[in-house]
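Data block below; observations after.
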Amino acid sequence: MKKILLTIDGSDASFDAARFLARLPHTEAMELTVVTAIAETPSRKTFLADGWSESWIARKHHQAEQSFSKVQEYFDDADIKWRQIIRQGQPGETIVAIAKEHRPDLLVIGSKGYSTVARLLQGSVSDFVATHVPCSVLVVRPNSQFSGRHRLRVAIGCEPTEPSGKAVEEFAEFGWASNTEVRVLSVTDNMDEAELPHDAPATEVIESVVERLNDVASTTQGHLIHCDHIGDGLVDYIETNQVDLVVVGETPRSDLGRVLLGSTTRFVLRHSPSSVWIARNQSISSNPPNAALQHSIVT
């Protein structure tokens, strides 16, 4: 049974995330915990002085309960064990703390759709959470709601690394690949002495991943992209082909390392118009039986 944390704050973005999750194929039972962090009001001292704090918090708890009921309606036919967590505190830090306590397989959070510049200057809860949680995370963008007119379009970035094997296996194990259009992408700038593309290594990676994913998504196809920057190559493809969800792996590192060093994953997270799934699942063996499947974006 997969354990998923879904963050809900009553905003349209958080309900978009819930609907996106509900639209994914759910063929197995899962434990879905709906998390709401109640931020303290800027005028908290006044509330305390006037005796309004308790009623304000009670109202926020009531709203969280209503949101929980609304989310449950999205998953009518799914086999779900429901839980709810309501906790007071700064949203980003609170959600990260809960994720560390409960160790879910995946955390799902909505993004309010700020521009890249706004996210850089002001920060965002989704960016903070995606950067600091130790588990895999799915950030749902408001402009990436796939409609009933087409199947979910998924792109998976790949290269010959261990994080890739975990990303590919995690995507396959979740059972969400059925009835989806999956595209395996490899971005390369390898050139031979004649300054011609040397595509053999990247092509081999693509072929092995496509073969693996055809077991769960029979229409999986591979695409080789020539670009000097991996992140740019992925984002350009996502924009051009109206991808709904991009899956990328991440090399394990400390929270501080993720913040200071930067990565392809963070580039995709901040620039991709699609939803972004960052695969960090540590439950998958660090030594997959088939080394040829160790492919994804290294960060």
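Throughout the sequence shown, residue numbering follows the UniProt record's numbering, covering 1 to 299 in sequence. Backbone N, C-alpha and C define an ideal beta-carbon position, used for all residues, glycine too.
Next item on the list: Please list, in chain order, all residues of the same chain as Gln221 whose beta carbon is under 8 Å from its beta carbon, the five residues on each side excluded.
Entry: Val182, Arg183, Val184, Val210
Notebook entry, point to check: In its own chain, which residues sit with a C-beta less than 6 Å from the C-beta of residue 350, not counting the 5 before and 5 after it?
Noted result: Since the first residue of the chain shown is 1 and the last is 299, residue 350 is not available in this structure.
Margin query: Using only CA atoms, which one of Thr180, Pro160, Gly233 lies nearest to Pro201?
Written below: Pro160
Notebook entry, point to check: Straight-line CA distance for Phe15 to Leu106?
Noted result: 17 Å
Next item on the list: Would you check if the segment 125 to 133 and the segment 24 to 36 touch, i.e. whether three or more CB-CB distances between them fall below 8 Å?
Entry: no
Note to self: Going by beta-carbon coordinates alone, are Leu152 and Asp244 separated by less than 9 Å?
What the structure shows: yes
Note to self: Classify Ala58: buried if its beta carbon has 16 or more other beta carbons within 10 angstroms, exposed otherwise.
What the structure shows: exposed
Next item on the list: Give the straight-line distance between the Cα atoms of Glu162 and Glu28, rounded to the nearest whole angstrom.
Entry: 27 Å
Next item on the list: Could I get the ranges of all uninterrupted beta strand (DSSP E) runs contained in the UniProt domain "UspA" (154 to 280), with 3 residues as the minimum, in chain order?
Entry: 180 to 188, 221 to 226, 245 to 249, 275 to 279
Check: Can you give the Cα-Cα distance for Lys166 and Val246, rounded to whole angstroms?
Finding: 15 Å
Next item on the list: Can you tell me which of Asp76, Phe68, Thr94 puts its alpha carbon nearest to the alpha carbon of residue 300?
Entry: With the chain running from 1 to 299 in the structure shown, residue 300 is simply not present.
Notebook entry, point to check: What first and last residue would you give for the alpha helix (DSSP H) that runs through Glu73?
Noted result: 53 to 74
Next item on the list: Using three-state DSSP, classify Ala22 as helix, strand or coil.
Entry: helix
Check: By how many angstroms is the C-alpha of Asp199 removed from the C-alpha of Gln88?
Finding: 52 Å
Note to self: If you follow the beta strand (DSSP E) that Thr27 is in, where does it begin and where does it stop?
What the structure shows: No beta strand (DSSP E) contains Thr27, which DSSP labels as neither H nor E.
Note to self: Please return the same chain residues whose Cβ sits closer than 6 Å to the Cβ of Ile206, not counting the five positions on each side in sequence.
What the structure shows: Val184, Ser186, Gly222
Check: DSSP state of Ile86, grouped into three classes?
Finding: strand
Next item on the list: Evaluate Arg103 with the Cβ neighbour count: other Cβ atoms within 10 Å of its Cβ, from every protein chain shown; 16 or more gives buried, anything less gives exposed.
Entry: exposed
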